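See structure below.
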Amino acid sequence: MAIDELEDEELVRRALAAGRGADEACLDQLFARHRARVAGWCLRICGDREEAADLVQEVFLRVFERLASFRFESRFSTWLYLVTRSVAINRGIAERRRRGLSLDDEQVPEPAADETPVDERLAVEQRGSQLRTAIAETLDPTEARVLYLHYVDGLTLPGIDRLLGLTNKSGSKAYIVSAKRKLRRRFEGADR
Amino acid sequence: MNEIPRSPGKPRLSIDELDAALRAGDGCPATARLAAAAAGELAADELRALEAHAAGCAACAAELELARGFFEPAAASAELDELLARLPARPGAPAPSARILPMRSRPGARPARRVAWAAAASVLLAVALGVVALRDGSAPGLPDRPLDDVVRGGRIDWTTALGTLPAAPGRLAWGAVAGADRYRVEIFGVDALPIAAAEVERAEWTLAPGDRGRLETHVTYRVRVVALDPSGAELAASDVAELRIEPPR
Ligand SMILES: [Zn+2]
């Protein structure tokens, strides 16, 4: 059977069976098949061609290094997505940290969890559950998704616009502004 | 007593609070399940249940969107073509000498960003090898590294409890290494993918709520710390320790 007729998982199997001298042709085939998909997704979420090219290389570097940890419990492409997502998100979050992005574009001191007295920790937990309720009750679904993608997954606003296909005037920025306004009105006003 | 001074008035919303509140909760499917859903790998009934959940859960809905963006065919564009054209042939092919890549980034002709990820990847590779060693039951550690070139000191011992814990740790600490400029501490998830990392000056790391939130229950993570000298070269490294969160029932 010609190599280009083999399923992804079979290519992985052969590459792994070849061991240290990895079956180069199998790896080449996997790369050729999936690079456009990985590149398209990276380009969409980061927007910058240079950075996307860098990401794609990092993704495949990790994929081939860790091929042995693919468990054949899903399709290869699903695992490839998980690696791609992890590489992209880690980079996004690192970048966000580096720039010291905060909610007000001002530094917010991080609470030192272990030194926080119990009653204060309780207060923090209470604020957390109040905030979760406020998110569920006052935000519309798009606002909540945009907040999640930006603040948890570290995606940039233009990346979110492209991912969600937002075509309103200021795109995800408008959703972030309205979501923060709603949360502040409800949450900061309600606390204490 | 020394109370931390609090600013008067209403407490402001912090980015970490928002991050923690937005995150997936205990009832949320794992990211791998959401990816499988987007890939069309789930049976109809599991897919229905997952979509019903996502309809009321921003975290899962957003992750589904993110994954769907990967599995739907990318629109052809000149920009994508250009990107593909500039990719070298198969990056990341494990060269025969890849196993003994020094942990320190080597001075060379590559642009800085490349060097940064190449160095990160070699660290990951070493960690992955450490994990394999653990699984095999042989001595944990990072085999095949040129010790005199990279690790100049001994081993770093953890001073906070690791292993199975009832809750995500707020802080990780380890024995200080003489001459260390800073420490790089990293948590790796399944398949040795990094979950959280930091460089800290003291021999401890207070995890931000966001980092703690990334640690799921019933998942075995691996943790490692390395001491770096001012040039960024490694002075010492800890073993790859396991970390698992099992809340009391
Ligand atoms: Zn959910």
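Residue numbers (our numbering), protein chains in the order written: chain A, 1017 to 1208; chain B, 2 to 250.
Every residue gets a Cβ at the ideal spot worked out from N, C-alpha and C, and that includes glycine.
None of the values given here were measured: they were computed from a predicted structure.
- Among the residues of chain B, none has a CB under 7 Å from the CB of threonine 1154 of chain A; the nearest is roughly 12 Å distant.
- Serine 232 of chain B carries a coil assignment under DSSP once its states are collapsed to helix, strand and coil.
- In chain order, the residues that have a beta carbon nearer than 7 Å to some heavy atom of ligand 1 are B/Ala25, B/Gly26, B/Gly28, B/Cys29, B/Pro30, B/His54, B/Ala55, B/Cys58, B/Ala60 and B/Cys61.
- Less than 9 Å separates the beta-carbon of isoleucine 188 of chain B from that of aspartate 212 of chain B.
- Shown here, alanine 162 of chain B sits in coil according to DSSP, grouped into three states, outside any helix or strand.
- In chain order, Ala75 and Leu81 make up the part of chain B whose C-beta sits under 7 Å from the C-beta of glycine 1056 of chain A.
- DSSP places phenylalanine 189 of chain B inside the beta strand (DSSP E), whose first and last residues are 183–189.
- Partner residues in the beta bridge of arginine 225 of chain B, as assigned by DSSP, are B/Glu187.
- Alanine 1018 of chain A has its alpha-carbon roughly 45 Å from the corresponding atom of alanine 59 of chain B.
- For lysine 1196 of chain A, the nearest beta carbon of chain B is closer than 9 Å to its own beta carbon.
- In the structure shown, serine 15 of chain B falls within a coil segment according to DSSP collapsed to helix, strand and coil.
- Glutamate 80 of chain B: member of the alpha helix (DSSP H) spanning 79–87, first to last residue.
- Boundaries of the alpha helix (DSSP H) around leucine 1173 of chain A: 1173–1180.
- Listed as beta-bridge partners of tryptophan 175 of chain B by DSSP are B/Trp159.
- By the Cβ-count criterion, threonine 165 of chain B is exposed, with fewer than 16 other Cβ atoms from all chains shown falling within 10 Å of its own Cβ.
- Proximity to alanine 242 of chain B across B/Leu19, B/Ala33, B/Leu173 and B/Pro231 peaks at B/Leu173, based on C-alpha coordinates.
- In the DSSP annotation of this structure, the continuous segment of the beta strand (DSSP E) that includes glutamate 243 of chain B starts and ends at 242–246.
- Excluding the 5 residues flanking it on each side, arginine 69 of chain B has same chain C-beta neighbours closer than 8 Å at Ala39, in chain order.
- At a cut-off of 9 Å, the C-beta of leucine 1147 of chain A has a neighbouring C-beta in chain B.
- Take proline 231 of chain B, set aside five residues on each side of it, and the residues of its chain with a beta-carbon closer than 6 Å to its own are Asp182, in chain order.
- DSSP, read as helix, strand or coil, puts alanine 199 of chain B in strand.
- Within chain A, the residues whose beta carbon sits less than 8 Å from that of leucine 88 of chain B are Arg1051, Ala1055, Ala1069, Val1072 and Gln1073, listed in sequence order.
- Within 9 Å of the CB of leucine 1059 of chain A, the CB atoms of chain B belong to Ala75, Ser78, Glu80, Leu81 and Leu84, in sequence order along the chain.
- Short of 7 Å from the beta carbon of valine 1079 of chain A, and not among the five residues preceding or following it, lie these beta carbons of its own chain, in chain order: Leu1096 and Val1099.
- The Cβ atoms of valine 1162 of chain A and isoleucine 1151 of chain A lie no closer than 9 Å to each other.
- Chain A has no Cβ within less than 9 Å of the Cβ of aspartate 27 of chain B.
- Around alanine 1034 of chain A, the same chain offers Cys1042 as residues with beta carbons nearer than 8 Å, after the five sequence neighbours per side are excluded.
- Between alanine 1195 of chain A and leucine 1155 of chain A, the CB-CB gap stays under 9 Å.
- Judged by DSSP secondary structure, glutamate 205 of chain B falls outside any alpha helix (DSSP H) and instead within the beta strand (DSSP E) spanning 205–207.
- The continuous stretches of alpha helix (DSSP H) do not include threonine 218 of chain B, and DSSP gives it neither H nor E.
- Annotated three-state conformation of alanine 62 of chain B is helix, per DSSP.
- The way I'd put it, the segment 20–30 of chain B does touch the segment 43–58 of chain B; three or more beta-carbon pairs between them come closer than 8 Å.
- Residues of chain A with a Cβ closer than 8 Å to the Cβ of threonine 218 of chain B do not exist, since the nearest Cβ in that chain sits about 17 Å away.
- Taking CB atoms only, proline 1174 of chain A has no neighbour in chain B less than 9 Å away.
- The beta carbon of alanine 1110 of chain A falls within 9 Å of a beta carbon belonging to chain B, placing the residue at that interface.
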